[in-house]
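Here the sequence shown is numbered in my numbering, starting from 87 and rising by one per residue.
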Amino acid sequence: MKIAVLKETQAGETRVAAMPDSVKKITALGHEMVIASGAGAASSTPDAQFEAAGAKIAADNAAAIAGADLVFKVRRPTEAEISAIRPGAGLAALLEPYAAEDLVKRFADAKVAALAMELVPRISRAQSMDALSSQANLAGYRAVIEAAELYGRAFPMMMTAAGTVAAAKTFIMGVGVAGLQAIATARRLGGVVSATDVRPATKEQVASLGAKFIAVEDEEFKQAETAGGYAKQMSAEYQAKQAALIAEHIAKQDIVITTALIPGRPAPVLVTEAMVQSMKPGSVIIDLAVAQGGNCPLSKPDQLVDAGGVKIMGFTNLPARLPTDSSSLYAKNLLALLPLLTDKDTKAFAPAWDDEIIKGAMLTKDGAVIHPNFAPAAAA
87 MKIAVLKETQ AGETRVAAMP DSVKKITALG HEMVIASGAG AASSTPDAQF
137 EAAGAKIAAD NAAAIAGADL VFKVRRPTEA EISAIRPGAG LAALLEPYAA
187 EDLVKRFADA KVAALAMELV PRISRAQSMD ALSSQANLAG YRAVIEAAEL
237 YGRAFPMMMT AAGTVAAAKT FIMGVGVAGL QAIATARRLG GVVSATDVRP
287 ATKEQVASLG AKFIAVEDEE FKQAETAGGY AKQMSAEYQA KQAALIAEHI
337 AKQDIVITTA LIPGRPAPVL VTEAMVQSMK PGSVIIDLAV AQGGNCPLSK
387 PDQLVDAGGV KIMGFTNLPA RLPTDSSSLY AKNLLALLPL LTDKDTKAFA
437 PAWDDEIIKG AMLTKDGAVI HPNFAPAAAA
């Protein structure tokens, strides 16, 4: 099977869908790897390293795609790239289908078997394939580093002959993969850390990392998690009670990092304009949900906003600010998924259509939209 790895063309995207280690392992399985020239340049991986690992270098994306059985990308492909993929071939990438349902129909029309890496089910067997988690982990780490740079003051408490520097009070909103890593990183930097989430299971996780848990713990709170481990949409009554508690807490914080997302829906508003106004000048808000509307209505995608002395920064792609590590982890996610896309004997592209992981992540098959979340819209 010929596997093509393309150079990312989306502005600000520094990641690549393969690294030398993954190339070695994939070629050892009997597959041919073709990498578009310059694909790894932004992640400190020149063409020569891919060649040394066993890959062939194509002049550009079009040359890499030509005749490929499977295409690996980080972000969704352009129209030209979709048109170049041969009918019946596969595509695996972070496709953001909820934000572009028309693109899902386009994959079907092109007869491309398109797999959205962010839809890989969060089950134990698929942990090594979970790109959403691998990238969110790095985003949580980087969020704290970015916050520390914007804060402009020391993170840990420092006792000096000239006086004491207070530790940064850091509040993490949303305790998923990104939130947990943000807690751990802020703690390592010496901050006084607290966190909140609507899912009861996170309380113990927050405590295990040495942070304080902040939440209204009523009956609705005890049932606020889906079977897949995601947060449920909370009632207006609960949101009001939680907002009152958070408003009181947030006014005392130096750094707030928001990470709350609900798949397929706009990001919930967690930090209101009134809450921002209650914070001290020099405080920092990092909004990781800005690409889906933001957890703070004042945040703007990839722009620094000054709201009365409070710095608000919404990052749409924090993993791209750690390109080598994020590429390495993403490449390993694709490598782990590959056996489910390949016939064991012939090595041909042959997805295991009955496997729950493929069912959960594959959008299209044989010219039709097959994912249950998108098939009705495509039919309409």
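Even glycine gets a Cβ: it sits at the ideal position worked out from N, Cα and C.
Note that the structure is predicted; figures quoted are calculated from it, not measured.
- Query: Beta-carbon separation of Pro354 and Leu224 under 8 Å?
  - Reply: Here the question's residue 354 lines up with position 268 in the sequence shown. Here the question's residue 224 lines up with position 138 in the sequence shown. Against a cut-off of 8 Å, the Cβ pair of Leu224 and Pro354 comes out as no contact.
- Query: Apart from the five residues just before and just after Val102, which ones in its own chain have a Cβ nearer than 6 Å to its Cβ?
  - Reply: Stepping through the sequence shown from its first residue, residue 102 is reached at position 16. Counting only Cβ-Cβ distances below 6 Å, and skipping sequence neighbours, we find Ala125, Gly126, Ser129 and Ser413.
- Message: For a test of the three-state rule: what should DSSP assign to Arg228, helix, strand or coil?
- Response: Indexing the sequence shown from 1 puts residue 228 at position 142. The answer is helix: DSSP assigns Arg228 an H, G or I state.
- Query: For Gln267, which residues of its own chain have a beta-carbon under 7 Å away from its beta-carbon, when the five flanking residues on both sides are left out?
  - Reply: For the purposes of this step, residue 267 is identified with residue 181 of the sequence shown, where counting begins at 1. Result list for Gln267: Asn223, Gly226 and Tyr227, in chain order.
- Would you list the residues sitting across from Asp392 in a DSSP beta bridge? Taking the sequence shown and counting its residues from 1, the one referred to as residue 392 is at position 306. DSSP output for Asp392 lists Lys397 as bridge partner(s).
- Of the choices Met320, Ile300 and Gln325, whose alpha-carbon is the least far from that of Ile336? Mapped onto the sequence shown, residue 336 falls at position 250. Nearest option by C-alpha distance: Ile300.
- Task: Would you check if the region 336-345 and the region 244-263 touch, i.e. whether three or more CB-CB distances between them fall below 8 Å?
- Result: yes
- Query: With burial defined as no fewer than 16 other Cβ atoms inside 10 Å of the residue's Cβ, what is the status of Thr282: buried or exposed?
  - Reply: Position 196 of the sequence shown, counted from the start, is the residue given in the question as residue 282. Thr282 should be labelled buried.
- Give a yes or no on whether the minimum CB-CB distance between Arg407 and chain D is below 8 Å. Annotation note: the requested chain D is absent from the structure, which comprises a single protein chain.
- Message: Here's the rule I'm using: 16 or more other beta-carbon atoms within 10 Å means buried, otherwise exposed. How should Asp373 be labelled?
- Response: Mapped onto the sequence shown, residue 373 falls at position 287. So Asp373 counts as buried.
- Mapping DSSP to helix, strand and coil, what is Gly265? Counted from its first residue, the sequence shown places residue 265 at position 179. Three-state result, Gly265: helix.
- Going by the CB atoms, is the gap between Asp440 and Leu426 shorter than 8 Å? What you label residue 426 is simply residue 340 of the sequence shown in a count that begins at 1. What you label residue 440 is simply residue 354 of the sequence shown in a count that begins at 1. Contact flag unset, no.
- Query: CA-CA distance, Leu384 and Ala229?
  - Reply: Looking up residue 384 in the sequence shown gives position 298. Looking up residue 229 in the sequence shown gives position 143. Between Leu384 and Ala229, the C-alpha separation is close to 18 Å.
- Message: Rounded to the nearest angstrom, what separates Ala287 and Glu204 at their Cα positions?
- Response: Taking the sequence shown and counting its residues from 1, one reaches residue 287 at position 201. Taking the sequence shown and counting its residues from 1, one reaches residue 204 at position 118. One C-alpha to the other measures close to 22 Å.
- Message: Does Ile168 come out as helix, strand or coil in the three-state DSSP assignment?
- Response: Residue 168 sits at position 82 when you count from the first residue of the sequence shown. Helix at Ile168.
- Task: In angstroms with no decimal places, state the Cα-to-Cα distance between Leu181 and Ile456.
- Result: The residue labelled residue 181 in the question sits at position 95 within the sequence shown. The residue labelled residue 456 in the question sits at position 370 within the sequence shown. Leu181 and Ile456: Cα-Cα distance of roughly 15 Å.
- the region 143-154 touching the region 165-173, judged by at least three CB pairs closer than 8 Å: yes
- Item | Phe307 versus Phe435: straight-line alpha-carbon distance, rounded | The sequence position of residue 307 within the sequence shown is 221, counting from 1. The sequence position of residue 435 within the sequence shown is 349, counting from 1. So the alpha carbons of these two residues sit roughly 45 Å apart.
- Query: Can you give the Cα-Cα distance for Gln363 and Gly394, rounded to whole angstroms?
  - Reply: Position 277 of the sequence shown, counted from the start, is the residue given in the question as residue 363. Position 308 of the sequence shown, counted from the start, is the residue given in the question as residue 394. Whole-angstrom Cα-Cα distance: 7 Å.
- Task: Assign Gly116 to one of three DSSP states: helix, strand, or coil.
- Result: For the purposes of this step, residue 116 is identified with residue 30 of the sequence shown, where counting begins at 1. Of the three classes helix, strand and coil, the one that applies to Gly116 here is coil, per DSSP.
- Task: Let me know the secondary structure DSSP gives Ala293 once reduced to three states.
- Result: Within the sequence shown, numbered from 1, the residue matching residue 293 stands at position 207. It is helical.
- Message: Which of the three DSSP states is assigned to Leu177 in this structure?
- Response: Residue mapping note: residue 177 aligns to position 91 of the sequence shown, counting from 1. Of the three classes helix, strand and coil, the one that applies to Leu177 here is strand, per DSSP.
- Task: Using 10 angstroms around the beta-carbon of Ser280, count the other beta-carbons present and answer buried if the total reaches 16, otherwise exposed.
- Result: Within the sequence shown, numbered from 1, the residue matching residue 280 stands at position 194. Looking at its Cβ environment, which holds 16 or more other Cβ atoms inside 10 Å, Ser280 is buried.
- Message: Using the three-state DSSP reduction, which class does Leu156 fall into: helix, strand or coil?
- Response: Your numbering for residue 156 matches position 70 in the sequence shown. Three-state result, Leu156: strand.
- Item | Three CB pairs or more closer than 8 Å across the region 237-248 and the region 326-336 | no
- What first and last residue would you give for the beta strand (DSSP E) that runs through Val342? Position 256 of the sequence shown holds residue 342. Taken as a continuous stretch (DSSP letters only), the beta strand (DSSP E) holding Val342 covers Ile341 to Thr344.
- Which same chain residues, not among the five before or five after Ala90, have their C-beta less than 6 Å away from its C-beta? Position 4 of the sequence shown holds residue 90. Cβ neighbours of Ala90 beyond the five flanking positions: Val120, Ala150, Ile151, Ala154 and Val157.
- Pro387 classed as buried or exposed, judged by whether at least 16 other C-beta atoms fall within 10 angstroms: Along the sequence shown, one-based indexing puts residue 387 at 301. Looking at its Cβ environment, which holds fewer than 16 other Cβ atoms inside 10 Å, Pro387 is exposed.
- Query: How is Met259 classed by DSSP in three states: helix, strand or coil?
  - Reply: Counted from its first residue, the sequence shown places residue 259 at position 173. Three-state DSSP puts Met259 in a strand.
- Query: Among the residues of its own chain, which have a CB less than 7 Å from the CB of Ala217, if the five just before and after it don't count?
  - Reply: The residue you call residue 217 lines up with position 131 of the sequence shown. Same-chain partners within the cutoff: Leu180, Met203, Glu204, Val206, Tyr416 and Asn419.
- Simplified DSSP state of Lys93, which is helix, strand or coil: Working through the sequence shown from its first residue, we reach residue 93 at position 7. It is coil, neither helix nor strand.
- Query: Based on the DSSP secondary-structure assignment, which residues constitute the bridge partners of Gly368?
  - Reply: Position 282 of the sequence shown, counting from 1, holds the residue named residue 368. Answer is none; Gly368 lacks a bridge partner.
- Run the CB neighbour count on Arg274, radius 10 Å, all protein chains shown included, and call it buried at 16 or more, exposed below. As a position in the sequence shown, residue 274 is number 188, starting the count at 1. The residue in question, Arg274, is exposed, as its Cβ has fewer than 16 Cβ neighbours within 10 Å.
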